[in-house]
Every structure is written in structure tokens, then in C-alpha cells.
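A.B. asks: My structure is below; once you've seen it, I'll send some questions.
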């Protein structure tokens, strides 16, 4: 029994010495035990959530969704409806399938980006009392997300192309899409003022992107206007009606219309479409470069 007691005492003493060898030096401060005190010994700091990761993912997603996918989808829809007439994807024209595919990706990414920022902010809204740019960014961003979310549902009510109500869909679809795309530029530009970006290069990227997107639309509009004006003058420029009856004129004009339409279609395929394809390829390259570089500036 005595041997066991001594052995136990030596074991406890050794444990205390080992404990003291790796413990911190205590402070000579008096602690009153009748007060609420918290005494910690070698307690590591709890792991902290890093919400900046969610902000980063939000930024990555939104940049690619609107600079790359949405912009390319808009160009296909507006300027390529008569392009690639001999090709189709799943029985649909190439422009339509490409537009639907790209815009669907943009919508999915936009909703996904919204979920990331919702988690990062824990469901709270940026208040008016906070920095003005942050609040405006939250408002324009919410509008972009709303427009993008409802745009596919608007497309479900698309009328037949020959329907007399088709213009309502065309106007509404174009208005919502143009509003979302325009506000996306404003929203991304406001984001460059946040601490998410390490320097002012991100603002320069958005300036370059804004100039480019305006320029590419102008180039496409000028090209289409030139082609239509040129072929429109050829269509009715050589009609000699001096010795023709009204019935003959109608027959000649109809024949010329069909022939000119075929010529126009062929000429557009060989000239206009080549220029359009070059512009589209240039846009895709620039949009990809700017998107990738823009995301590298996010810290």
C-alpha cells in the first residue's frame, strides 16, 4: 500500500512537471472567484468563416455571365437571324439555338451568383445608411437578377411568328433583355469601387469593356444598314414601266423581288456573313480576355 501511494505521488508529480514545461507563464494578477471570469489555457482561436470567398465566387460568376455569355447571346439574336441558313441545331436555326444556350447559361449563373452573395451577407440587405455605391450596386444588381430570372418565363409565352400579337412579345423580350444587359454594365462598374479588387485596373477594364460593347453594336448596325440600303436600291432601280401594263408591272416586280431576294441572300452569305463572323469572333476573343483578366484582379 505504501509502495502504491509513493508510486502514485511520483506519477502525479511527473505529470505536473511535464505540464509545467509546456505551459505558459502565469500572470501575477489576482482573480476573484466570486465574479464571472473566463480563464483559458492554450485554447486555439476557433476557425473563422471567410466570407470574402463567397464574394469572390459571386464576382467570378457575374463577370463571365454578363461580359462573356450574355453579350454573345445578344449579338447572335440581333444580327445573325439570316446567317448560316443551311445549318441547324436540333431542328432550329443556329442563331436561335446559340442564343437560347448562351442566355440560359447566363441566367443560371446569375441566379447562382445571387445565392452566393446571399450566403455571404447572411440574407441581409445593404442599407441606405451604408456607402452609397454599395447601395446602388445592390439595387441595380437586384434589377438585373430579376430581369434575368423572369426573361425565360416571358419566352414561354412567345407567340407564333405570324401571330398579330407577336410584336408584344418582341417588344417586351427586347426591353427586358436590353435593360438587364445595360444595368449589368452599371452594376459591374460600381463593383470596381469595392475592396474586392486590389487596384484601379478593374475600373479600367470596365471602361474598355463599355467602349467595346458600344463599338461592336455600332459596327453591326452600320453594316446592316449599308447592306439593306445597297440591295434596296438595286431592287427597284432598273424597272422600265413605259410600255408595260399594270398587270405586267406587278408580275415583273414580283419576279424581280424573288430574284433579288435570292441574290441578296447569296451576296449576304458571301460578303455580309463573312464580316459578321469576323466581328463575332473578335468579340468572343475580347470578351474572353477581359473576363479572365477581370477575375484575376479579384482578391
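In this note's numbering, the protein residues as written are 42 to 340. Ideal placement from N, C-alpha and C gives every residue a C-beta, glycine not left out. Remember, predicted model here, so these are calculated numbers, not experimental data.
To the nearest whole angstrom, what separates the beta carbons of residue 221 and residue 192, a pair I think is in contact under 8 Å?
C.D. replies: Their Cβ separation, rounded to whole angstroms, is 7 Å, which keeps residue 221 and residue 192 in contact under 8 Å.
A.B. asks: Give me the Cβ distance between residue 152 and residue 110, rounded to the nearest whole Å; I'm assuming they're in contact under 8 Å.
C.D. replies: Incorrect: roughly 13 Å between the Cβ atoms, too far for contact.
A.B. asks: What is the C-beta distance between residue 117 and residue 139, in whole angstroms, given that I count them as a contact (C-beta under 8 Å)?
C.D. replies: About 5 Å; that satisfies the 8 Å criterion.
A.B. asks: Identify, in the order they occur along the chain, each residue of the same chain with its Cβ nearer than 7 Å to the Cβ of residue 230, setting aside the five sequence neighbours on each side.
C.D. replies: Within the same chain, residue 230 has close Cβ partners 247.
A.B. asks: Considering only residues of the same chain and omitting the five flanking positions on each side of residue 321, which have a CB-CB separation below 7 Å?
C.D. replies: For residue 321, where only same-chain residues beyond five positions count, the Cβ hits under 7 Å are 116.
A.B. asks: Let me know if residue 157 comes out buried or exposed under the rule of 16 or more other beta-carbons within 10 Å of its beta-carbon.
C.D. replies: Residue 157 comes out buried.
A.B. asks: Within 10 angstroms of its Cβ, does residue 317 collect 16 or more other Cβ (buried), or is it exposed?
C.D. replies: Burial call: buried.
A.B. asks: With a threshold of 16 other CB atoms inside 10 Å of the CB of residue 166, please say whether the residue is buried or exposed.
C.D. replies: Residue 166 comes out exposed.
A.B. asks: Is it buried or exposed, residue 299, if we count other Cβ atoms within 10 angstroms and call 16 or more buried?
C.D. replies: Per-residue confidence for residue 299 stands at a pLDDT of 43, beneath the threshold of 50, marking its modelled position as unreliable; no derived number is given.
A.B. asks: For residue 157, which three-state DSSP category applies?
C.D. replies: DSSP places residue 157 in helix when its eight states are reduced to three.
A.B. asks: Helix or strand or just coil, what does DSSP make of residue 246?
C.D. replies: Note: residue 246 maps to helix in three-state DSSP.
A.B. asks: Out of curiosity, what's the CA-to-CA distance linking residue 243 and residue 223?
C.D. replies: Distance between the alpha carbons of residue 243 and residue 223 is about 18 Å.
A.B. asks: So the alpha helix (DSSP H) residue 335 belongs to, where does it begin and stop?
C.D. replies: It spans 314–337 - the alpha helix (DSSP H) in which residue 335 sits, taken as one unbroken run.
A.B. asks: Find the nearest neighbour of residue 106 within the set 96, 131, 143, 124, judged by alpha-carbon distance.
C.D. replies: For the residues 96, 131, 143, 124, the minimum Cα distance to residue 106 belongs to 143.
A.B. asks: Can you tell me where the alpha helix (DSSP H) holding residue 193 begins and where it ends?
C.D. replies: Residue 193 -> alpha helix (DSSP H) spans 173–197.
A.B. asks: State the DSSP-derived secondary structure class of residue 271, mapped to helix, strand or coil.
C.D. replies: DSSP places residue 271 in helix when its eight states are reduced to three.
A.B. asks: Whose CA, out of 227, 328, 96, 261, lies closest to the CA of residue 163?
C.D. replies: Here the closest residue by C-alpha is 96.
A.B. asks: Considering only DSSP beta bridges, list what residue 130 is partnered with.
C.D. replies: Paired residues: 133.
A.B. asks: Report the three-state DSSP secondary structure of residue 238 (helix, strand or coil).
C.D. replies: Reduced to three states, the DSSP call for residue 238 is strand.
A.B. asks: Give every residue of the same chain whose Cβ lies closer than 8 Å to the Cβ of residue 146, excluding the five residues on either side of it in the sequence, and list them in chain order.
C.D. replies: Excluding positions up to five away in sequence, the list reads 106, 110.
A.B. asks: In whole angstroms, what separates the C-alpha of residue 326 from that of residue 209?
C.D. replies: For residue 326 and residue 209, the distance between alpha carbons rounds to 34 Å.
A.B. asks: How is the alpha helix (DSSP H) around residue 110 delimited, first residue to last?
C.D. replies: Unbroken run through residue 110: none, as it is neither H nor E.
A.B. asks: Is the number of C-beta pairs between the stretch 227–241 and the stretch 331–339 that are closer than 8 Å three or more?
C.D. replies: Touching, yes, given that three or more Cβ pairs across the two stretches are closer than 8 Å.
A.B. asks: Pair every Cβ in the stretch 116–132 with every Cβ in the stretch 257–271, then say whether three or more of these pairs are closer than 8 Å.
C.D. replies: Segments in contact, yes.
A.B. asks: Do the CB positions of residue 195 and residue 214 come within less than 7 Å of each other?
C.D. replies: It is a contact, given that the beta carbons lie within the stated cut-off.
A.B. asks: Is residue 233 helix, strand or coil when you go by DSSP?
C.D. replies: If DSSP states are grouped into helix, strand and coil, residue 233 belongs with coil.
A.B. asks: Measuring alpha carbon to alpha carbon, tell me which of 100, 113, 218 ends up nearest residue 328.
C.D. replies: Minimum Cα distance to residue 328 is reached at 113.
A.B. asks: Roughly how many whole angstroms lie between the Cα atoms of residue 87 and residue 324?
C.D. replies: Reliability of the predicted coordinates at residue 87 is poor, the pLDDT of 42 falling under 50, and the value obtained from them is presented with this limitation in mind. Approximately 48 Å between the Cα atoms of the pair.
A.B. asks: Of the residues 172, 125, 103, 197, which one's Cα is nearest the Cα of residue 313?
C.D. replies: Residue 313 has its Cα closest to that of 125, out of 172, 125, 103, 197.
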